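Enquirer:
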């Protein structure tokens, strides 16, 4: 019984220390505007200043550092 409790405690602490993995898009360069005729407001993460900023996305291409809302950008990149 003690072994099971210690094991549960160990894995609980391990989960806290490792946490969730960061979205790989957060590690890319800031978002690319892309190509196309659309005019979409999106959010991108700037790793150097640890901040999400609004930009205009043209609808196609671009990169993975593009988020629909500021909240999503912050949740994925600033934890």
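Numbering (mature numbering (1 follows the signal peptide of the UniProt record, and there is no 0)), first residue to last: -19 to -1, 1 to 60. Note that the Cβ used here is the ideal one computed from N, Cα and C, for glycine as well. These numbers come from a predicted model, not from an experiment.
1) Where residue -3 and residue 43 are concerned, what is the direct C-alpha to C-alpha distance, given to the nearest angstrom?
2) Provide the residue(s) that pair with residue -18 in DSSP beta bridges, ordered along the chain.
3) Would you check if the distance between the CB atom of residue 14 and the CB atom of residue 41 is smaller than 8 Å?
4) Can you give me the Cβ contacts of residue 23 inside the same chain, cut-off strictly under 7 Å, excluding the 5 residues immediately before and after it?
5) Are the Cβ atoms of residue 54 and residue 27 separated by less than 8 Å?
Expert: For this structure:
1) Its pLDDT being 42, under 50, residue -3 is placed unreliably in this model, and the value from its coordinates should be taken loosely. The straight-line gap from Cα to Cα measures roughly 33 Å.
2) Partner(s): none; residue -18 has no beta bridge.
3) Cβ atoms of residue 14 and residue 41: not closer than 8 Å.
4) Once the five neighbours on either side are set aside, the close Cβ partners of residue 23 are 12, 36, 38, 47, 48 and 49.
5) Result no, Cβ atoms of residue 54 and residue 27 do not sit closer than 8 Å.
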